[in-house]
Structure formats: C-alpha cells, structure tokens
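In our numbering, the protein residues as written are 750 to 1297. Ideal Cβ placement from N, Cα and C applies to all residues, glycine included. So the structure is just underneath, and the comments pick up after that.
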C-alpha cells in the first residue's frame, strides 16, 4: 500500500508543479495546430469529405486520429482537463503562500550583509537612532521591520524592508485569469449556438428569421441549447457587392441588409439598415451575424409541353476560388396535371447539372471563367430527364446528382449545351430549358455565445497580471546600524532581489547615495563618490566591500 501511496503522491506533485502546467499549456497550443491547418468537420463537413477523398489512406488515417475533430477529440480534451487540474492544484498552495507572505513581517537581516549581491557601508556622526530614522524615512513605500537591539546582532539597530509583492500577485492573477479563461471556453461549449445560412442577395429573396434551428442550412449548439430560446430577429438581404483588384483578388465583400428584432414586423422597408462586411459583423444583443462568403446562384426556367413553367434559383458551389467557376445542379418536378399517374410523373422530372462561369471564356466548347466578377455569365449544362430522386425519401445533395441514377438509366441525358443569359434548349418531348442569368448569394454565420464577454474579461485579466509580474521586482533591503571601534556610527546596507539585472542594482545605488547625502553630519568614510554597491554599474565586477 505504501508504494501505491507514494506513487500517487509523487504523481500529484508532478502534475501540480508550475513546470508541468507550462508544459501542458504548450502541448495545448501544439494540439490546436491541426485544427488550424486541416478542415474541421464541425465547420464544413464537405471540405472534410473532399480532403479524405483526395488524400486516400492518409486522409482516413487523419480521421482515425480525430484530426478533423480536433477540439472535440479525446486527446485534446485530455490535455485540456489535465491543464485545468494542474492549474488548480498549483495555484491553491501558491495563493495560500502569498496570503501568508502578505501577512508576514520582513525577515531579519543576515549576519554578514557583505555577502549579499548588493552591499555598501558608510560612517556618519549621527547617533545610531538618528541614522536608523534616516534609513527608515528613505524607505517610504516599503514594508519595514525595525529591531532595536533584538535582531541578529545584539546591540545593533536592524531594519528589514521589502517591496514588490505585486510581482507574485500579478503572477497569481495571470494564472487565475488563464484558469477562468479555460472555464469560460468549456462553459461556452454547453451554451453556444451557431448556424449557417445561404441567402440569395436580391430584393425578391425572402427574409431570414432567427426563430428556429430549422431556418438554417446547418445548425449546431451546446448540450444545454435546444433551439427554443434563440434571440429573435429577422434579416433581409438587399444586395451584395465585391470589390476586386485588377488581378482578380477580392478586396472587400459588402452586403446591404435590413434587420429587425421585432419578428412580427411584416414590412422590411421599416427595418433598420446595416452594411454587413467581412470582420464587421452585425451585433444584436449577444448575437453576431458574420458575412463569411459568397457565390453565384443561376436561375433556370423550365417550360413543359403543356405550357406550364417552373422557375428556380439555387446556389452553386465555387470550384475555383480564383475565378469562381462554380458547379451545381437543379431539379424540377413536372406539373401534377400533366401526369395523373404518379409513376409517370416520377419518370418525367428534369435535372440540370453543369458549370457556371461569371465571366465566360471558351476554348472550343469547353467553358471556363477568366474573372470572378459577373461580367459575362454563361453555363455549360447537361439536361437529364427521368427520376431525379426528388421523391425517393433519401438525403439529396444540392451540388451533385446521384451517379447511381444515371448509371441505372433512371436519368437519361437529353441535351448538352452552352447557354448565355436568355438562351434556351428544347428537349425531344418539347420541354424547354432556359438560362435566365444569375444572382449572387451570401453565406452568413449566426453565432450566439453568452460566455464571450467573460472570455474577453479573463483575457484582459491575464494580460494585466502578466504586465504586472514583468514590471515589478521583488526585492529586499537590510540595514544594520552599530557603533564601531572608532566610536562612530556605522551603517551597513545589503540588498537582494530575484531579478538583479532588471534595474535593481541601480535602484540600490540610488538609495545608498541618497542616504549618504542626507546624513545629519558630514560623512566620515567613505566619500559619497567612493561608496558603491558590490555590483555598481559593472555587473561582472567582483563582489567586495568598499569600506576602508
């Protein structure tokens, strides 16, 4: 039993050491690197699937290591929890020790002050009591302890002074700020809500209202959020504009929107206007609305043989982020009256799959895009007829058709054409497919995290504590006043600091020279110019007492 107890005790001491906490903090930073370099499943499942498909066994190996779910992986959580435990176990005794230090008196003066890193001595014609009063008066702002004959050396007056307690206070505050920052991050995982929504950027598009998770294209939330208490507001997107450099690089995304916290308001023209830009989110209470990206949504009109039409606008996925060449699909169900039999109706669905170029460039019949702005749009499409999978009850991709449907013959290609806005193609049964142009869409992210204010507060506390711990020096001064063999009052000074090379030596010398200058009688030995500390201005000088 004793070996087990010893092992547990030593393990706890190792875990709660400050060195271990620093190592764990470094490991946490290193563990977060894959989350920044690799696509994360919580942000974009499609990018993760694409990465795995393109990298084969390496992508699958990364997936087994949970590198696509870094911040929810078991190993990241383990480091996070260990760091939390280490900080708690480390800060508790250090805080208790700090309280004891703040209550304790400065320690007695060492017997041999000349052995300290900084020391000096001078003689004065003042009485020992007067000399002690002068030293004590010069130590204003220091915590001073005075021993009149009951110190280390009997018959002497000893002064012990200490300051710089704020250094340890700042250190403790920094680590407590880090601890509570970790708590705030962890709590945020339970109470946050985040949704993504694609909105067509034109005045005809309906308003988006943050009232239910079903209003989002994708939605994720903490364990304590059920989506019934979302902050209510509505957004109406009026337009979208991208500013491009001559080389095609986007300079700024801008969308003019209107919003209202009164979801019952029916007239968007009465809502408040706002200019939504990248890194300039709309803030409504504790909710933030970010403009994350954009793309193009082609519009097609299908005219069936009986004259009825179907028009739809759907976002297509950019496949080239430099030129915004995009790919996507559209599906159209024929009018119910044309095919009373449900089986016939399923076999007459129209599916469109192809590419959209905002600024078209043709190499023969091959379509590409030469600029990301929509200056000369065109599409290259395949038109299919048959069962497009609209009513099969399974999950459907909005960017690609099910290849099984085409391989099985359920969908048959009826046309392959390139179309400019206003141009159309006619299928063998008389169905006309017309390309009407395109609108731009924006991708917004709505984030709600009640702990974000506390994250900012604790981050500021961390910075304040760090600055305080770096600027303040913990140092001590001792003075011993005796009557020497020549019956003169002799004052010995000694100084000690944890950070000797951060200006403390100069501070000690200034104090020594000030004491020599304000002596009530002419100094006997040495002269003010000859009185020096052991280090003085030369940190490499040998330690010596300049008293003759």
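By alpha-carbon distance to residue 986, the top candidate from 955, 1002, 1243 is 955. Counting the other CB atoms within 10 Å of its CB gives residue 1057 a total below 16, which places it among the exposed residues.
Following the DSSP letters along the chain, one finds residue 843 inside the alpha helix (DSSP H) bounded by residues 823-852. DSSP places residue 1188 in the uninterrupted beta strand (DSSP E) bounded by 1181-1197. According to DSSP, residue 1112 shares a beta bridge with 1115. A residue is called buried once 16 or more other Cβ atoms fall within 10 Å of its Cβ, and residue 943 is buried on that count. Excluding the 5 residues flanking it on each side, residue 765 has same chain C-beta neighbours closer than 7 Å at 835, 838, 839, in chain order. Here DSSP, grouped into helix, strand and coil, assigns residue 1241 to strand. Residue 800 carries a helical assignment under DSSP once its states are collapsed to helix, strand and coil. Counting along the chain, residue 901 sits inside no alpha helix (DSSP H), nor does DSSP assign it H or E at all. In this model, residue 979 and residue 1044 are separated by some 28 Å (Cα to Cα).
Buried is the label assigned to residue 1138, since at least 16 other Cβ atoms lie within 10 Å of its Cβ. Note on geometry: alpha-carbon atoms of residue 1072 and residue 1173 lie some 25 Å from one another. Bridge partners of residue 1228 according to DSSP: 908, 1242. For residue 1038 against residue 1199, the beta-carbon gap comes to about 16 Å, at or over 8 Å, which does not count as contact.
CA-CA distance, residue 851 to residue 760, rounds to 30 Å. For residue 818, same chain residues with a beta-carbon under 6 Å away, outside a window of 5 residues either side, are 790 in chain order. Inter-residue distance for residue 781 and residue 926 is about 20 Å (C-alpha atoms, whole angstroms).
A residue is called buried once 16 or more other Cβ atoms fall within 10 Å of its Cβ, and residue 1189 is buried on that count. Counting other Cβ atoms within 10 Å of its Cβ, residue 998 stays below 16 and is therefore classed as exposed.
In the DSSP assignment, residue 1005 is bridged to 1024. Between residue 1120 and residue 1101, the C-beta spacing is not below 9 Å. Taking a 10 Å sphere around the C-beta of residue 854, we find fewer than 16 other C-beta atoms and assign the residue as exposed. Here residue 917 is buried. Its C-beta has 16 or more other C-beta atoms within 10 Å.
Inter-segment contact for the segment 1077-1096 and the segment 1109-1120 is absent: fewer than three beta-carbon pairs are separated by less than 8 Å. With contacts defined by Cβ atoms closer than 9 Å, residue 1191 and residue 1148 do not form a contacting pair. Comparing C-alpha distances from residue 1031 to each of 1076, 773, 1008, 788 shows the shortest one belongs to 1008. No Cβ-Cβ contact shorter than 9 Å links residue 784 with residue 1223. DSSP places residue 918 within a helical segment (H, G or I) once states are collapsed to three. Remark: C-beta atoms of residue 1167 and residue 1114 approach each other more closely than 9 Å.
Three or more Cβ pairs closer than 8 Å define a contact, and the segment 901-915 meets that threshold against the segment 853-873. As summarised for the segment 751-824, the continuous alpha helix (DSSP H) elements at least 4 residues long and confined to that stretch are 751-764, 767-780, 782-786, 794-804, 806-813, given in chain order. Between the alpha carbons of residue 869 and residue 862 lies a distance of about 9 Å.
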